[in-house]
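The sequence shown runs contiguously to residue 266 in our numbering. All residues carry an ideal CB built from backbone N, CA and C; glycine is no exception. Since we're looking at a predicted model, the values are computed, not measured. Let me begin by presenting the structure, written as structure tokens, before commenting on it.
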Amino acid sequence: MRLSRPSRVLLGGITAVILAIVYLPLLVVLLNSFSTSQNLTWPIPGFTLEWWGKAFQSQGALDAVLTSVQIALLSTTVALVLGTLISLGLSRFDFFGRDAVSLLVILPIALPGIITGLALNNGFRTILGVQLSLMTVVIAHATFCIVTVFNNVIARLRRLGTNFEDASADLGAGLWTTFRLVTFPQLRSALLAGGLLAFALSFDEIIVTTFTAGAGVTTLPIWILNNLFRPNQAPVVNVIAVVLVLVSIIPIYVAQKIAGAEKVTR
1 MRLSRPSRVL LGGITAVILA IVYLPLLVVL LNSFSTSQNL TWPIPGFTLE
51 WWGKAFQSQG ALDAVLTSVQ IALLSTTVAL VLGTLISLGL SRFDFFGRDA
101 VSLLVILPIA LPGIITGLAL NNGFRTILGV QLSLMTVVIA HATFCIVTVF
151 NNVIARLRRL GTNFEDASAD LGAGLWTTFR LVTFPQLRSA LLAGGLLAFA
201 LSFDEIIVTT FTAGAGVTTL PIWILNNLFR PNQAPVVNVI AVVLVLVSII
251 PIYVAQKIAG AEKVTR
């Protein structure tokens, strides 16, 4: 489809405005992390690396990073296992209510985070009588991380079809052998992409975390929220925010490169 020159100019202008709205505030955060001012000011009065040094010496921030990494790794692992099993069940078997199950799997990522967090909080504390802790956060994050793995894996399974698996079965291989030698090698890149996206989604999640974290659990996003308006903490918070952005971008970039490589090879 070819667009006229006025249409291209209009589309380019709209795109530029949207990108500016999204990314200019991030640029302000980046510049404020090097500001000599102890408050959030614009334009910044000068540049310094002092806050970067203090940020990497902050024990509270380092502990929060470690907690976020632990939660993200655990929830991603759970999502990889359950998301793969659900994908195999829904793509390879026909049963009553399959479409309903598929909808229920995808629904958590479509629901507002505050609704999911409130529901899980009530479920843990009221129904199950479980104290909120790091593991309740892991379970809560896994509910929406499963969706990213599920979407990647089931899309790959649908493209692959069942020819190779049927051939493996005809040659006498069992279900586990077929999965290990035939299905899994073809799913590795989809699992890696889904796992990276799940990790990024869990690492910077705050709404569901707020409702499901115990008193002693402080993830990096919660640490940022708690310290944002404390005296002399704004520049350090900006540094941590920049690090959080970078950590979130890397898995998404790698996942996109994997998906792009898959398209080229196919």
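Annotation for W42: no alpha helix (DSSP H) segment contains it, and DSSP assigns it neither H nor E. Every alpha helix (DSSP H) of 4 residues or more that sits fully in the segment 119-179 is shown, in chain order, as 134-160, 163-170, 175-178.
Setting aside the 5 residues that flank it on each side, G214 is surrounded in the same chain by L132, S133, each with a C-beta closer than 6 Å to its C-beta; the list follows chain order.
Fewer than three beta-carbon pairs drawn from the segment 187-196 and the segment 207-225 are found closer than 8 Å, and the two stretches are therefore not classed as touching. By the C-beta criterion, the segment 74-92 is judged not to be in contact with the segment 227-247, since fewer than 3 inter-stretch pairs fall below 8 Å. When Q186, N152, T116 are compared, the shortest CA-CA separation from N163 is found for Q186.
In the three-state reduction of the DSSP assignment, F95 falls in the coil class, being assigned neither a helical nor a strand state. A Cβ-Cβ separation of about 5 Å places T212 in contact with L120 under the 8 Å criterion.
Leaving aside the five residues that flank R158 on each side, the residues in its chain whose CB is nearer than 8 Å to its CB run, in chain order, S91. In the pairwise beta carbon analysis, the segment 65-77 is classified as touching the segment 141-159: at least three pairs are separated by under 8 Å. For Q59, the number of other beta carbons within 10 angstroms of its own is below 16, and it is reported as exposed. With a beta-carbon spacing of about 6 Å, L244 and L220 fall inside the 8 Å limit used to define contacts. One thing to note: A100 has its Cβ no nearer than 8 Å to the Cβ of I146.
Per DSSP, L201 is one residue of the alpha helix (DSSP H) stretching across 184-203. Distance between A64 and T177, taken at the CA atoms: about 42 Å. A straight-line Cα-Cα distance of about 17 Å links R2 and G13.
Note on geometry: alpha-carbon atoms of L192 and G46 lie some 42 Å from one another. Between V81 and F150, the C-beta spacing is not below 8 Å. By alpha-carbon distance to T67, the top candidate from V242, Q256, W223, K257 is W223. Per DSSP, the continuous alpha helix (DSSP H) segment holding F211 begins and ends at 207-212. Per the coordinates, the alpha-carbon of Y23 lies some 20 Å from the alpha-carbon of I206.
By the CB criterion at 8 Å, A110 and N152 fall outside the cutoff. Here W42 is near V28, since their CB atoms are less than 8 Å apart. Taking 8 Å as the cut-off, the beta carbon of F203 is found no closer than this to the beta carbon of V137. Excluding the 5 residues flanking it on each side, A55 has same chain C-beta neighbours closer than 7 Å at A61, V236, V239, I240, in chain order.
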